Structures are given as C-alpha cells and as structure tokens.
Amino acid sequence: MKMFKLAALTFAVISSATTSAATRWDMATPYVDATHHTQNNIQFAEEVKTATNGELEIIIHSGASLIKHKEIPKAVRSQQVPIGEVFIGIMGNDDPIYKLDNIPFLATDFDQAKKLYAVSKAALEAKLDEDGLMLLYSVPWPPQGIYSQEPVNKIEDFKGAKLRSYSSTLSRLAILLEASPTTVQTVEIPQAFSTGIVNMMITSPTTGVSSQSWDYVNNYTDVQAWIPKNMVIVNKRAFRRLDKPLQTALLAAAEKAETRGWEIAIQETKDKTAELAAHGMTVSEPSEVLMTELKKVGENMATEWAEEAGSKGKALLEEYK
C-alpha cells in the first residue's frame, strides 16, 4: 500500500510539473471565425500545439472578444497578451511604414503586393523591434472594392457620402474624395449602415460577405484599389522566455501560416466576389473615367506618404517601382 501511495504521489508530482511547464498564450484577434485570417490563425495555433507536443498552446480569441482591435498593438507591447493579430494600417498614426500597403493603386494585384511586402518587410520589422515586438507572419486581404447603394461611375459620386474608415490612410482618401470618414470596426459594420452612420465603404469581398453587405447596399464596384495586410505580432520578451525548441517550432509554423495565408487570400478573392453576386448584389467593373480619377488621387497620396516618410520612405518607393 505504501509503495502504491508513493507511486501515485510520484505520478502526481510529475504530472503537475508537466502541466506547469506548458505555456499558454492568449491571442487577441479582431475578426470573426469565418474570415480567412482567423481560420489561418486557428490552423497556425493547432500546428504550434502539435509541433511542441502541447508545451506551447495558443488560444484564439476572435471577433475582438478579448481586446478591441485598436488596443491590440498596445496590449501586446505591454504583455497584457503575448500575441495578437492586427490590421497593419490601423497603426498608421504610429509610423508611416504602417500606411504603405494602404496607399490606393500602389499595389493592386497579389504579385505587386508580394513585391511591396518584400521591399518593406525589413523596415516594418525594424519599427516593430523598436516597440518590443516581433513580426511572426503577414497575410493579405483581397483587393478593396466600393460598396454603395447607387452605382459609382465617377469620383463625384463620393461627394457627401458617409464613408466607413478603418485607417488613417482611408480617412485621408475620404477627405480627398469629399466624403465624410467615420471609423467603424468590422464587427460594427451592419449596425453602422442600419443606423445611417455610414452609407458607403471601401473594403474587401471577405468583409463584404462576413458583414452580409447585401442587406444594406446593392452595388459592389471592383476597383481593386489596394491589397492591405494583417500581421501577427508577438511580444519579444514573451518570445525570448520560450525554450529554444519552442521558438523554432513557433517560427516554423509562422512561416507556413504566411505561405498558406497568401494562397488562401487569392482563392478568397474569387470565392467571396462570386458570393456577393450570388446574394443579389450587382458586381461590376469600374468605368474608365472612375479609374482614371481614382488613380490620380492615389498618386497624390503616394507623394504625400513619401514626404511624410522622408528619405527612407522615398527609397522604399523607388525600390518598389
């Protein structure tokens, strides 16, 4: 009996030590489970858990259920949570580098977006490093299009509109289009339209589907204005506290998540655009007049960005072009 009790006690101690050795990370994400970003994050977390034999477990808190979107970068910096996902452009007021992939008509297809990411990644990582953060991976949205009740055929059709904004760059675009920018997070879009806070938006087919845009607008104009990205960031101190094998496994899973995420986004563009049409929305190509006018605005915004970003920013644009 004594031997049995001793064995049981030994097992309990070992089990307790194993349990305490496991690391659990809460991951704050701003988007609902149905979005490709969240689905990719869920798979990333599963792969990390498998690769580390459960020694590192990442719990996904989607839909801004843990921390509001704008607060996620600060929460990761302060170690309120060790890891989080954020739309890069939402950090535009912190540094111009975060605005780069939101400049209209600078990168309008996935090949261009990959090139822009490759050119700017080192600068992005350097800025994150200054703030005690690390970039794990970055995944794009589909190209951005115009959602409106009435067709948009010329730039004047934006005048006076209440345009949903999700970044400082989009707010600036709204002003240049003589529209009124209103910040509305993704999960708040249906309510914002139903209450008249906004009546037009520029966003991806993914967000259009997840927010059931056919309930409040009739038209989607596929201008493919820009291809913004999200990034998954981790607190550097939290990362360094991990054992080396866990760090290696985490980085390997992140590399896979980035590759997979870009592939998913390409297919997502086709699938979600088709889904908008299937729900009765009029999906149309933009007029030549509209595209010419919008591209001029984009060129002006690129010039403004280069002036704000200084010599380093101008060098990035030169390298990209």
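Numbering-wise, the sequence shown is residues -21 to -1, 1 to 300 according to mature numbering (1 follows the signal peptide of the UniProt record, and there is no 0).
From the three backbone atoms N, C-alpha and C, an ideal C-beta is built for every residue, glycine too.
Nothing here was measured: the structure is a model prediction, and the numbers come from that model.
Could you pull the start and end residues of the beta strand (DSSP E) that residue i belongs to?
| i | result |
| --- | --- |
| Thr261 | Thr261 to Ser263 |
| Phe89 | Premise fails: Phe89 lies in the alpha helix (DSSP H), Phe89 to Glu109, not in any beta strand (DSSP E). |
| Lys47 | Taken as a continuous stretch (DSSP letters only), Lys47 belongs to no beta strand (DSSP E), as it is neither H nor E. |
| Asp136 | Segment: none, Asp136 is in no beta strand (DSSP E) and carries neither H nor E. |
| Trp4 | Thr2 to Ala7 |
| Tyr126 | Gly124 to Ser127 |
| Pro160 | Ser159 to Thr162 |
| Pro119 | Leu112 to Pro119 |
With a cut-off of 8 angstroms on the beta carbons, I'd call residue i and residue j a contact; round off their distance for me.
| i | j | result |
| --- | --- | --- |
| Asn81 | Leu269 | 19 angstroms between Cβ atoms; not a contact. |
| Met6 | Gly63 | 6 angstroms |
| Pro83 | Leu273 | 7 angstroms |
| Ala97 | Leu295 | Not quite, the Cβ-Cβ distance comes to about 11 angstroms (not below 8 angstroms), so this is no contact. |
| Asn198 | Ser266 | Not confirmed; about 13 angstroms, so no contact. |
| Lys208 | Ser117 | 5 angstroms |
| Thr2 | Leu35 | 5 angstroms |
| Tyr145 | Ile69 | 7 angstroms |
| Leu79 | Trp284 | 7 angstroms |
| Leu95 | Ala86 | 4 angstroms |
| Val55 | Ile206 | Not a contact, Cβ separation roughly 24 angstroms. |
Around the C-beta of residue i, are 16 or more other C-beta atoms found within 10 angstroms, so that it is buried, or is it exposed?
| i | result |
| --- | --- |
| Pro75 | buried |
| Asn72 | exposed |
| Gly292 | buried |
| Arg151 | buried |
| residue 343 | Because the chain spans -21 through 300 in this model, residue 343 falls outside it and cannot be assessed. |
| Asn19 | buried |
| Ser290 | exposed |
| Ile67 | buried |
| Lys300 | exposed |
| Glu298 | exposed |
| Lys249 | exposed |
| Thr174 | exposed |
| Ala282 | According to the sequence as given, residue 282 is Thr; it is not Ala. Result: exposed. |
| Leu247 | This sequence places Glu at residue 247; Leu is not what is there. Flag for Glu247 reads buried. |
| Ala204 | buried |
| Lys223 | exposed |
| Lys47 | exposed |
| Ile245 | exposed |
| Thr252 | buried |
| Ala257 | exposed |
| Thr29 | exposed |
| Thr31 | buried |
| Thr148 | buried |
For the alpha helix (DSSP H) containing residue i, name the first residue and the last one.
| i | result |
| --- | --- |
| Leu225 | Lys223 to Ala257 |
| Ala150 | The residue asked about is misnamed: residue 150 is Ser in this sequence, not Ala. Unbroken alpha helix (DSSP H) run through Ser150: Ser147 to Leu155. |
| Asp276 | In the sequence on display, residue 276 carries Val and not Asp. Glu267 to Tyr299 is the span of the alpha helix (DSSP H), which, as asked, contains Val276. |
May I ask whether a heavy atom of the ligand SAM can be found less than 8 angstroms away from the beta carbon of residue i?
| i | result |
| --- | --- |
| Thr87 | In the structure shown, the ligand SAM is absent, as is every other ligand, since no ligand is present at all. |
For this session: Would you check if the segment 159 to 173 and the segment 227 to 242 touch, i.e. whether three or more CB-CB distances between them fall below 8 angstroms?
Result: no
Problem set entry | Three or more C-beta pairs below 8 angstroms linking the segment 105 to 123 and the segment 180 to 187 | yes
Problem set entry | Any beta strand (DSSP E) of 3 or more consecutive residues that is wholly inside the segment 173 to 229 | 179 to 182, 198 to 200 and 208 to 214
For this session: Report yes or no: do three or more beta-carbon pairs, one from the segment 148 to 162 and one from the segment 215 to 229, lie closer than 8 angstroms?
Result: no
Exercise. Are at least three pairs of beta-carbons, each pair with one atom in the segment 195 to 210 and one in the segment 247 to 264, less than 8 angstroms apart?
Worked result: yes
Problem set entry | Cβ contact check for the segment 275 to 284 and the segment 208 to 219: 3 or more pairs under 8 angstroms | no
Problem set entry | Those runs of the alpha helix (DSSP H) which lie wholly inside the segment 12 to 88 and span at least 4 residues | 15 to 30 and 51 to 56
Exercise. When the Cβ atoms of the segment 169 to 183 are set against those of the segment 139 to 146, are three or more pairs found closer than 8 angstroms?
Worked result: yes
Exercise. Between the segment 10 to 27 and the segment 238 to 249, do three or more beta carbon pairs fall short of 8 angstroms?
Worked result: yes
For this session: Would you check if there are 3 or more beta carbon pairs closer than 8 angstroms linking the segment 38 to 51 to the segment 19 to 30?
Result: yes
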